[in-house]
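Student: After the structure tokens below, expect a handful of questions from me.
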Amino acid sequence: MLNSDKIETKIDNQKVYLSIPTDKIEKENFQESEIEQPCSTLISYLKNIRGYAYGLLFAFSMCMAHILVKMAPSLDAPNHSAVRYVIQLIVMYIFIKRNNLETLGPKSQQKLLILRGVVGSTAVIFGFFSVRYLDVSDLETLTNSAVVITAVLSRIFLNEKLTICHFFSLILTISGVFFIVRPSFLFGIENDMENFLHLNLTHLNNSHKIHNIEIKDHSNRSLNETLIGVSMVLISAVCMSISQVAIRKLCLVKVHFSITSIYPALVGLPSSLLISFLLIETNNSSHNLLTENLSDMFIEIGYSICAGIFGTMGLIFLNNALQYEDATKIGMVKTFSVFFSFFLQYIFLDITVDILGALGAIFIISAILIILAIKMFDKQLTKSKNCLVGFLLKKY
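Residue 14 in UniProt numbering sits at position 14 of the sequence shown, with consecutive numbering throughout.
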């Protein structure tokens, strides 16, 4: 006999109970859930990872922007940043007007917005300057190393306790930086190592041409060039870290991404024009590298415009990523930019990464993943008995 449920209805203000088989209802509900479950599961899964997907797109876009800047060496870094900020200003202004927003954003958040504009524009300009001295793969690796340095410095200056993992990550980072910088007192025996191992540890392409434009391979750079490039990358990376935290805070108070993105353009465009003028006046500009062939000049300008488009897209992806995930998780996803740079510079620039550079990247990425894993999965670690400083204080 079938089980049944009673459903109460009213006919002429009298209660009437209808008997409906329960197993029939269960069967229909099961069929509906069976149809809807795969679709809803897929949608919920995609929603859960959309922050990470935006983070990957951000990493790819910024890496592609650096590749395109590298392909236009006759233009100065402030020229590239000026083109980028013109595009960014136009795109973000369109978004602001389309959404009927105030151009300068809410007054209560203007201090944070100005900070976002200053550090964001500084990160871009110094990042473009470093392209002149470093390969893109080394640039991306060093940019990500700032995560470890920032984490360690914040714990020192904020009187927070350092764990064994922090010390180990710092050692890995320093080792990775040494592999990239390659000071002569440590790597003077490279030729002997290459002959012994029958390997090319430092691949030397010197330079090659794309569309008659000479692209320099910096794997054989001097120590002076390396130190200048590394300093600029680290300044850019620290500014980018501060910028990401500011964006995250602005996202939490519902400030539209177009407003957070227009401030770097408002600060960076006049700064780029001023720096470009100073470089020309002091004869430190790269414009003398431009050939008499106008087609080469237009090709380089085209590369710069494409770099500006990718940079603006990357900024949009970053803002969307930080709406769904915190800066720590996005920082972890951004480490994929190192792998993107290995492939993209080989495809577009015909530059292969050398073994020492790859080892440096592996060390730094390992250190980054350790630091970010500590932040994500064990926030109480610094208060636990595993803390090195706490252990030493209690013991001695």
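Where a beta carbon is used, it is the ideal one built from N, C-alpha and C, also for glycine.
1) My understanding is that L56 touches F336, with C-beta atoms under 8 Å, so please give their C-beta distance in whole angstroms.
2) Going by DSSP in three states, T282 sits in which element: helix, strand or coil?
3) Using the Cβ count rule (16 or more neighbours within 10 Å means buried), how would you classify G360?
4) Determine the DSSP secondary structure at T226, reduced to helix, strand or coil.
5) Exposed or buried, which one is H287 when buried takes at least 16 other CB atoms within 10 Å?
6) Please classify K27: does DSSP put it in a helix, a strand, or coil?
7) Can you tell me which of the three DSSP states S175 falls into?
8) Between the C-alpha atoms of T260 and F317, what's the straight-line distance to the nearest angstrom?
9) How would you call Y346, buried or exposed, if buried means at least 16 neighbouring beta carbons within 10 angstroms?
10) Are the Cβ atoms of H256 and G105 separated by less than 9 Å?
11) Rounded to the nearest angstrom, how far is the Cβ of Q109 from that of L250, given a contact under 8 Å?
12) Using a Cβ-Cβ cut-off of 6 Å (strictly less than) and excluding sequence neighbours within five positions of T312, which residues of its own chain qualify?
13) How long is the line joining the alpha carbons of R248 and F58, rounded to whole angstroms?
14) Give the DSSP-derived three-state secondary structure of T41 in the structure shown.
15) State whether the stretch 319-326 contacts the stretch 227-237, with contact taken as three or more CB pairs (one from each stretch) at a distance under 8 Å.
16) So M297 is in the alpha helix (DSSP H); what residue range does that whole segment cover?
17) Could you tell me whether the Cβ atoms of G308 and D135 are closer together than 9 Å?
18) What whole-angstrom Cβ distance do S341 and E140 have, given they're in contact under 8 Å?
19) What number of angstroms, rounded off, separates the C-alpha of A265 from the C-alpha of L75?
20) Where do the ends of the alpha helix (DSSP H) carrying S337 lie?
21) If we ignore side chains and look at the alpha-carbon of each, how far apart do I371 and C306 end up?
22) Within its chain, find whatever has a CB closer than 6 Å to the CB of A367; leave out the 5 residues flanking it on each side and keep chain order.
23) Given a threshold of 16 other Cβ atoms within 10 Å of its Cβ, counted over all protein chains shown, does D350 qualify as buried or as exposed?
24) Pick out whichever of D138, L42, F95, N284 has its Cα sitting closest to the Cα of I364.
25) Under the assumption that S61 contacts G314 (Cβ atoms under 8 Å), give the Cβ distance between them as a whole number of angstroms.
26) With a threshold of 6 Å on Cβ separation, who are the neighbours of G120 within its own chain once the five nearest residues in sequence on each side are excluded?
27) By Cβ distance, which residues of its chain are closer than 8 Å to R116, with the 5 residues on each side in sequence left out?
28) What does the alpha-carbon distance come out to for the pair G331 and G127?
29) So what's N99 in DSSP terms, helix, strand or just coil?
30) Please report the distance separating the alpha-carbon of Y133 from that of Y85.
31) Determine whether the beta carbon atoms of I114 and V267 lie at a separation below 9 Å.
32) Express the C-alpha separation of I43 and P78 in angstroms, rounding to a whole number.
33) Rounding to the nearest angstrom, what Cα-Cα distance links I125 and L273 in this structure?
34) What does the alpha-carbon distance come out to for the pair E34 and F178?
35) Measuring CA to CA, which of L269, L294, I362 is closest to T122?
36) Classify R116 as helix, strand or coil using the three-state DSSP reduction.
Tutor: On the basis of the data shown:
1) Sure, about 6 Å apart at Cβ, within 8 Å.
2) Coil at T282, not helix or strand.
3) Label assigned to G360: buried.
4) Correct three-state label for T226: helix.
5) By the 10 Å Cβ count, H287 comes out exposed.
6) Any reading at K27 must be qualified, since the residue scores a pLDDT of 49, below 50, and its modelled position is unreliable; the value itself is stated next. In the three-state reduction of the DSSP assignment, K27 falls in the helix class, which pools H, G and I.
7) In this structure, DSSP gives S175 a helical state, which the three-state scheme calls helix.
8) When only Cα atoms are considered, T260 and F317 end up about 13 Å apart.
9) With fewer than 16 Cβ atoms within 10 Å of its Cβ, Y346 is classed as exposed.
10) A distance below 9 Å separates the beta carbons of H256 and G105.
11) Right, their Cβ atoms sit about 6 Å apart.
12) These residues qualify, in order along the chain: I87, Q88, V91.
13) So the two alpha carbons sit approximately 15 Å from each other.
14) Correct three-state label for T41: helix.
15) Contact between the stretch 319-326 and the stretch 227-237 is absent, because fewer than three Cβ pairs lie under 8 Å.
16) Boundaries of the alpha helix (DSSP H) harbouring M297: 294-324, taken from the DSSP string.
17) Taking 9 Å as the cut-off, the Cβ atoms of G308 and D135 do not count as close.
18) At roughly 4 Å, the Cβ-Cβ gap stays under 8 Å, so S341 and E140 are in contact.
19) Going by the C-alpha atoms only, they are around 19 Å apart.
20) Judged by DSSP secondary structure, S337 falls within the alpha helix (DSSP H) whose first and last residues are 336-349.
21) Approximately 34 Å, taken between the alpha carbons.
22) The beta carbon of A367 sits closer than 6 Å to the beta carbons of V148, S169, L172, T173 from its chain, once the five residues preceding and following it are set aside; these are given in chain order.
23) Result: exposed.
24) Minimum Cα-Cα distance from I364 among the listed residues D138, L42, F95, N284 corresponds to D138.
25) About 3 Å separates the beta carbon of S61 from that of G314, a gap short enough to meet the 8 Å contact definition.
26) Excluding five sequence positions before and after G120, the CB atoms of its chain that fall closer than 6 Å to its own CB belong to S243, P264, given in chain order.
27) Apart from the 5 residues on each side of it in sequence, R116 sits with its Cβ closer than 8 Å to the Cβ of S243, A246, I247, L250, T260, Y263, P264 in its chain, given in chain order.
28) The alpha-carbon atoms of G331 and G127 are separated by roughly 17 Å.
29) Here N99 sits in coil by DSSP.
30) Rounded to the nearest angstrom, the two C-alpha atoms are 23 Å apart.
31) In this structure, V267 lies closer than 9 Å to I114 by Cβ.
32) Approximately 43 Å, taken between the alpha carbons.
33) Using only the alpha carbons, I get a separation of about 11 Å.
34) Residue placement at E34 is poorly supported in this model, since its pLDDT is 46, which falls under 50; the coordinates still yield a value, given next. Going from the Cα of E34 to the Cα of F178 covers about 57 Å.
35) Ranking the options by Cα distance to T122, first place goes to L269.
36) If DSSP states are grouped into helix, strand and coil, R116 belongs with the helices.
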